[in-house]
Amino acid sequence: MTVDDSVRRKFAVRFGPSAVAWLDALPALVESLCAQWKLSVERAVAEGGTSRVYRCRREDGSRAFLKLTPDREVAAAELVALRAWRRSPHMVDVLADDLDAGALLLPAIDPGTMVEDEPDLIPFELLRSLREDVDVPATGLAHLSERVRFMAELTTRRAPELESLTGRGIELAYGGTQGLVHGDLHARNVLRGRHGLVAIDPRPTVGDVTFDLVDWALAPAVGSVAELERRISRITAALSDVDGERLLAWCSALAVVIAATLPPGAQRDFLIGLTDR
0 MTVDDSVRRK FAVRFGPSAV AWLDALPALV ESLCAQWKLS VERAVAEGGT
50 SRVYRCRRED GSRAFLKLTP DREVAAAELV ALRAWRRSPH MVDVLADDLD
100 AGALLLPAID PGTMVEDEPD LIPFELLRSL REDVDVPATG LAHLSERVRF
150 MAELTTRRAP ELESLTGRGI ELAYGGTQGL VHGDLHARNV LRGRHGLVAI
200 DPRPTVGDVT FDLVDWALAP AVGSVAELER RISRITAALS DVDGERLLAW
250 CSALAVVIAA TLPPGAQRDF LIGLTDR
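The sequence shown begins at 0 in numbering that gives the first Met the number 0 and counts up one residue at a time.
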């Protein structure tokens, strides 16, 4: 069970040097959890810079995903959010947890394909459910302003030349409708399930729920203000409680975060220009 150097670099950037030792100890941790939960590992799944995920087979033959992170607070926050959204059919469930190990066991979503192949899609039913079918936790989660601040710091690390454009969403986080925010609700974190679309992998906070609409308004295919405004109009028509001006302000504030991940080109230039609106 080897870990690629690219994964090691991502984890070192996100968590610091201690993450390397955690990755070295990961095979033994996975083996222990498989014994505890009676799992057999099928393969590692490509994942971002905060967790390692393994597709597993349970004792009853069903598939599940073992998700591990070196930051126990990340796992604990995700567990709080999954429990808060347990009434929603559009959020993944949790089968078991071991927070001391930074581990969650999640059911497989069938067929589990991502919706990123539908660039025009806006998942209104899912978005509505995550806003309504939720019991917002009173404790256990940070405020959205802290995530926006972290995103600004990460953006500066990725693209130091954009530092002056970061952090503009901190004040927005305190306004609007305050509720449970998924925090990473883009097309790669929405999967097709047997009974509809299902969101996965929250980075939850409490704050302005408008935040979760940004990736659907500012989709990768959007390359002009006119296109952005058309998508915002679609969203406000379907979700009557959404403030279109506030959503546009969030798009302007977070455009630099997306721009920092892109190579030079027209899309990056558009996003940087959007920060002036």
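For each residue, glycine too, the CB sits at the ideal point set by N, CA and C.
R42 has R54 as its beta-bridge partners, per DSSP. Rounded to the nearest angstrom, the Cβ distance from L129 to A83 is 10 Å, too far for a contact under 8 Å. Spatial neighbours of E145 in its own chain (CB-CB distance under 8 Å, excluding positions within 5 residues in sequence) are listed in chain order as T204.
Distance from G168 to L253 at the Cβ level is roughly 6 Å; contact confirmed, criterion being Cβ atoms closer than 8 Å. Inter-residue distance for W249 and G166 is about 11 Å (C-alpha atoms, whole angstroms). When the Cα atoms are used, E77 and D268 turn out to be separated by approximately 34 Å. Taking the CA atoms as reference points, A24 sits about 38 Å from A172.
In the DSSP assignment, R62 falls within the beta strand (DSSP E) that extends over R62 to L67. Assigned with DSSP and collapsed to three states, L217 falls in coil, not helix or strand.
For a cut-off of 8 Å, the C-beta gap from L32 to A63 is around 11 Å, too long to register as a contact. In the structure shown, the three-state DSSP call for A102 is strand.
Secondary structure within the stretch 76-145: the alpha helix (DSSP H) runs of 4 or more consecutive residues, fully enclosed, are 123-131 (chain order).
Inclusion of L98 and A75 in the CB contact set at 9 Å is warranted, their separation being smaller than that value. R191 has L196 as its beta-bridge partners, per DSSP. Across the set S50, R54, R187 and A27, the C-alpha of R187 shows the shortest separation from the C-alpha of D214. When the beta-carbon positions are compared, L28 and V6 stay at least 9 Å from each other.
G195 and P106 do not touch by the CB rule: their CB atoms are close to 15 Å apart, not below 8 Å. Rounded to whole angstroms, the gap between the alpha carbons of G272 and S39 is 49 Å. Each residue's CA atom was taken as its position, placing D70 and V52 some 14 Å apart. Per DSSP, T204 lies in no alpha helix (DSSP H); the unbroken beta strand (DSSP E) holding it starts and ends at T204 to D207.
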